[in-house]
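Read the structure below first, then the notes.
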Amino acid sequence: MTTNAPFTEPAQPASGRARGLVAVGAVLLTLGSIAWAADLYRSVLGLLLYNEQFLAGMLALALALVYLHAPAQRQGARARVPWYDWIGAGLSLAAGIYMVAGFPVLSEEVVSRPLDGLVVAWLIVPLVVEGLRRTAGNVLTIVVLCFLAYALVGDLVPGDLAGRPVKLDQLLYYLAWDPGSMLGTPMVVATTIVIAFIFFGQLLFASGGSAFFTDISLALMGRFRGGSAKIAVTASGLFGSISGSAVSNVVSTGVITIPLMRQGGYEPHVAGAIEAVASTGGQLMPPVMGAAAFLMAEFLQVPYTEVVLAALIPAVLYYVALFVQTDLLAARNGITRVEESRIPRIGRVLLQGWHYPIPFAVLIGALFSLNWSPQLSALVGALVLCVSGMAVGYGGQRLTPRGVLEALRDTGTSSLDILMITAAAGFIIGVLNISGLGFSLSIVLVNVGGENVWILLLLSAAVCIVLGMGMPTVGVYVLLAALVAPSLVKVGVEPMAAHLFVLYFGMMSMITPPVAIAAFAAASLADTDAMKTGWAAMRFGWLAYVIPFVFVLSPRLLMKGDPLSVAVAFATAVAGVWITSAAVVGYLTRPLGIGMRVLFAIAGIMLFLPADSIPYGVEVEVAGALLAMLLVGREMLAGRRLKQA
60 MTTNAPFTEP AQPASGRARG LVAVGAVLLT LGSIAWAADL YRSVLGLLLY
110 NEQFLAGMLA LALALVYLHA PAQRQGARAR VPWYDWIGAG LSLAAGIYMV
160 AGFPVLSEEV VSRPLDGLVV AWLIVPLVVE GLRRTAGNVL TIVVLCFLAY
210 ALVGDLVPGD LAGRPVKLDQ LLYYLAWDPG SMLGTPMVVA TTIVIAFIFF
260 GQLLFASGGS AFFTDISLAL MGRFRGGSAK IAVTASGLFG SISGSAVSNV
310 VSTGVITIPL MRQGGYEPHV AGAIEAVAST GGQLMPPVMG AAAFLMAEFL
360 QVPYTEVVLA ALIPAVLYYV ALFVQTDLLA ARNGITRVEE SRIPRIGRVL
410 LQGWHYPIPF AVLIGALFSL NWSPQLSALV GALVLCVSGM AVGYGGQRLT
460 PRGVLEALRD TGTSSLDILM ITAAAGFIIG VLNISGLGFS LSIVLVNVGG
510 ENVWILLLLS AAVCIVLGMG MPTVGVYVLL AALVAPSLVK VGVEPMAAHL
560 FVLYFGMMSM ITPPVAIAAF AAASLADTDA MKTGWAAMRF GWLAYVIPFV
610 FVLSPRLLMK GDPLSVAVAF ATAVAGVWIT SAAVVGYLTR PLGIGMRVLF
660 AIAGIMLFLP ADSIPYGVEV EVAGALLAML LVGREMLAGR RLKQA
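Here the sequence shown is numbered in this note's numbering, starting from 60 and rising by one per residue.
Spelled out as structure tokens, the structure:
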């Protein structure tokens, strides 16, 4: 069973003559990013540009493509592009080109605000907001508009959240021309790093990579009990680790995995929940993390590889918890392996797809051994993938020159939403800077939490889930990194832990009702109740609500410490995950009663708690291990007697 769907779902293509323009523009958008990453503008063309000039040019092209590509109303393909969208595309190009030409001078005139710069600001800001609405939907657009409104009336807000007085012209000029706003860090990451990784992913799937990943998951997991769910966890984790959206991951892999789980014996809402949790975890698993890893490196001013290493253990524990729960649930409900006829032979799969690990090895080697930039590493990996995909391919599907061109086009169209999101994220950062809201909110959170870091963490977790509801990964992270993470750092939380904390709880909005858009997308594929699927997803994703508190207390789980202490922390955490998952499912070798589930949960939490960060930590961990061994031994003996009876 295979699928060759792209890992990100391109927007609905425009119909009519605009389609050709969109295709050409999308290819140029991708090539522009590749040329900048490879330093071709300077070395080949001899152009010396400010970063912001390049960003303005990319934004102009992307914004014009949005107006030609994404309809004002989401009613599917259009017979023709309406006149007002042609005007929007033209104004986008004109404003962006003027920004490219005028940035060196006009960016220095934020105080005097000359008329030509002001006219461009009046054009570009509303155009970006509308582009955001068309690509990312209403939720993030409303959030951005609320921030813009706050900037204008913040000085009238009573109490600690009062802002500085800001005039409309002042706000618009600042958002358009200041390097810390629209053309700031989020746009840098999107236009250079993220597009390179999207191109890598598009080439991977154009060469048959999605079919290989699905087949290898079937071959490895299909013969185990509950194999259908384990296939979903494996495939969605692989796809999601390079995907940029939990929802698109659900849609692209769920069409295969959810019916497979239902046929295997999992209830529809359970199948949807497992897929939603597995797909959401892809946004937490290196190397891409829904582009959050690159943004985090920029915000923290640390190497990208440091973010990847820090995020690795929590993400592995996330999938261990999900994997154990699917296994125990299969044992409890008597769900067996996948039908033999549907399982490909592992030897055949590896023989045909032996070359797929090579581009990943090149990518990882360039990042960690050669210390190359993420974008250059991704492009070198993409080059290797081009060669192997054309020479070998998979399942009779090979990459062709036309396929490469289509990958360039699909990369451009798939990048439009993230470019709009990062431009709008720059608006949020700009508002925080010009109004002082970021500082004010940090003060409020610290004051409410007082000296108790636990209260602040709980409050921050709630704020992250609420603010993250219905928003894409990049928007969630940028918003929370600007609003919530500084307050955690202010009370002594290690910066990397603070940023991963807000990312985890922001992403949990994907599976937390009442919004839970990843769970609801999975529910629609499973043809089951959305809220029921959301609550089940929360249960399967329990670890993500717990692990952030643990790594805030114990940075060893973020690989901060000597190798032995990190290994011990990881081992005890894995044991704690297994024991606690048994309590959540209510089964080990036989069904567990309420009392036993409570004891299992206590033992698991005792193993989970960081020994170096709580009073009598070592004693608590040893006691937890002894209790766990006693409980597991008891259940193993009882299960053996049950089989013999």
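Glycine included, each C-beta is placed from N, C-alpha and C at the ideal position.
Only a predicted model underlies this, so the values are computations on that prediction, with no experimental measurement involved.
Taking the continuous alpha helix (DSSP H) assigned at residue i, which residues delimit it?
{"i": "LYS289", "result": "286-299"}
{"i": "ARG139", "result": "Segment: none, ARG139 is in no alpha helix (DSSP H) and carries neither H nor E."}
{"i": "HIS558", "result": "554-566"}
{"i": "VAL310", "result": "305-323"}
{"i": "GLN261", "result": "254-265"}
{"i": "PRO416", "result": "416-427"}
{"i": "ALA604", "result": "Inspection of the sequence shows that residue 604 is occupied by Tyr rather than by Ala. Where TYR604 is concerned, the enclosing alpha helix (DSSP H) stretches over 601-612."}
{"i": "MET348", "result": "That residue, MET348, is in no alpha helix (DSSP H); it is neither H nor E in DSSP."}
{"i": "MET665", "result": "653-667"}
{"i": "PHE579", "result": "576-585"}
{"i": "PRO531", "result": "No alpha helix (DSSP H) holds PRO531; DSSP gives it neither H nor E."}
{"i": "GLN342", "result": "Neither: GLN342 is in no alpha helix (DSSP H) and is coded neither H nor E."}
Given a cut-off of 8 Å on the beta-carbon distance, is the pair residue i and residue j in contact?
{"i": "GLY243", "j": "GLY299", "result": "no"}
{"i": "ALA332", "j": "ALA578", "result": "yes"}
{"i": "SER92", "j": "GLN384", "result": "no"}
{"i": "TRP236", "j": "ALA180", "result": "yes"}
{"i": "LEU90", "j": "LEU319", "result": "no"}
{"i": "ALA687", "j": "ILE653", "result": "no"}
{"i": "GLU694", "j": "THR648", "result": "yes"}
{"i": "ASP219", "j": "VAL503", "result": "yes"}
{"i": "LEU666", "j": "ALA697", "result": "no"}
{"i": "GLY497", "j": "LEU539", "result": "no"}
{"i": "ALA352", "j": "VAL366", "result": "yes"}
{"i": "PRO327", "j": "THR587", "result": "yes"}
{"i": "SER613", "j": "SER519", "result": "no"}
{"i": "PRO418", "j": "VAL443", "result": "yes"}
{"i": "GLY471", "j": "LEU88", "result": "yes"}
{"i": "GLY260", "j": "GLN456", "result": "no"}
Please list, in chain order, all residues of the same chain as residue i whose beta carbon is under 7 Å from its beta carbon, the five residues on each side excluded.
{"i": "SER151", "result": "ALA119, LEU122, ALA123, TYR126, LEU186"}
{"i": "ASN308", "result": "SER295, PHE298, GLY299, SER302, SER338, GLY341"}
{"i": "THR754", "result": "The structure shown does not extend to residue 754, since the chain is modelled only from 60 through 704, so no value can be given for it."}
{"i": "ARG598", "result": "VAL643"}
{"i": "MET60", "result": "Annotation note: pLDDT 40 at MET60 (below 50); position unreliable, no value reported."}
{"i": "ILE156", "result": "ALA119"}
{"i": "VAL574", "result": "MET528, GLY529, SER568"}
{"i": "THR200", "result": "VAL188, LEU191, ARG192"}
Is DSSP giving residue i helix, strand or coil here?
{"i": "ALA70", "result": "Bear in mind that the predicted position of ALA70 carries a pLDDT of just 45, short of 50, making it unreliable; the figure below should be weighed with that in mind. ALA70: coil per DSSP, three-state reduction."}
{"i": "GLN456", "result": "strand"}
{"i": "TYR232", "result": "helix"}
{"i": "PRO5", "result": "Outside the displayed range of the chain (60 to 704) lies residue 5, so it cannot be described from this structure."}
{"i": "TYR646", "result": "strand"}
{"i": "PRO433", "result": "helix"}
{"i": "SER474", "result": "helix"}
{"i": "LYS702", "result": "helix"}
{"i": "ALA97", "result": "coil"}
{"i": "ALA541", "result": "helix"}
{"i": "LEU106", "result": "coil"}
{"i": "MET158", "result": "helix"}
{"i": "VAL379", "result": "helix"}
{"i": "ASN511", "result": "coil"}
{"i": "PRO130", "result": "coil"}
{"i": "PRO185", "result": "helix"}
{"i": "TYR363", "result": "helix"}
{"i": "PHE486", "result": "helix"}
Among the options, which residue has its Cα nearest to the Cα of residue i?
{"i": "LEU354", "options": "ILE477, LEU686, ALA520", "result": "ILE477"}
{"i": "LEU515", "options": "VAL548, GLY218, ILE487", "result": "VAL548"}
{"i": "PRO572", "options": "LEU518, TYR563, PHE560, LYS591", "result": "LYS591"}
{"i": "LYS289", "options": "LEU191, PRO362, VAL397", "result": "VAL397"}
{"i": "VAL83", "options": "VAL574, GLU465, LEU685, ALA540", "result": "GLU465"}
{"i": "THR481", "options": "VAL446, MET530, MET569, ILE524", "result": "MET530"}
{"i": "ALA369", "options": "LEU685, ILE317, VAL81, VAL611", "result": "VAL611"}
{"i": "LEU279", "options": "LEU409, PRO373, ILE423", "result": "LEU409"}
{"i": "ALA626", "options": "VAL657, ALA595, PRO669, ALA603", "result": "PRO669"}
Whose C-beta lies closer than 8 Å to the C-beta of residue i among residues of the same chain, with five residues either side of it excluded?
{"i": "VAL505", "result": "LEU515, SER546, LYS549, VAL550"}
{"i": "LEU422", "result": "PHE259, PRO346, SER436, ALA437, VAL439, GLY440"}
Counting only the same chain and skipping the five closest in sequence on each side, list residues whose C-beta sits under 6 Å from that of residue i.
{"i": "ASP144", "result": "TYR126"}
{"i": "TYR363", "result": "ALA356, PRO433"}
{"i": "ALA389", "result": "ARG284, GLY285"}
{"i": "ASN430", "result": "none"}
{"i": "PHE271", "result": "GLY412, TYR415, TYR453"}
Distance cutoff 8 Å, beta carbons only. Does residue i sit that close to anything in chain B?
{"i": "LEU658", "result": "Protein chain content of the structure displayed is limited to a single chain, and chain B is not contained in it."}
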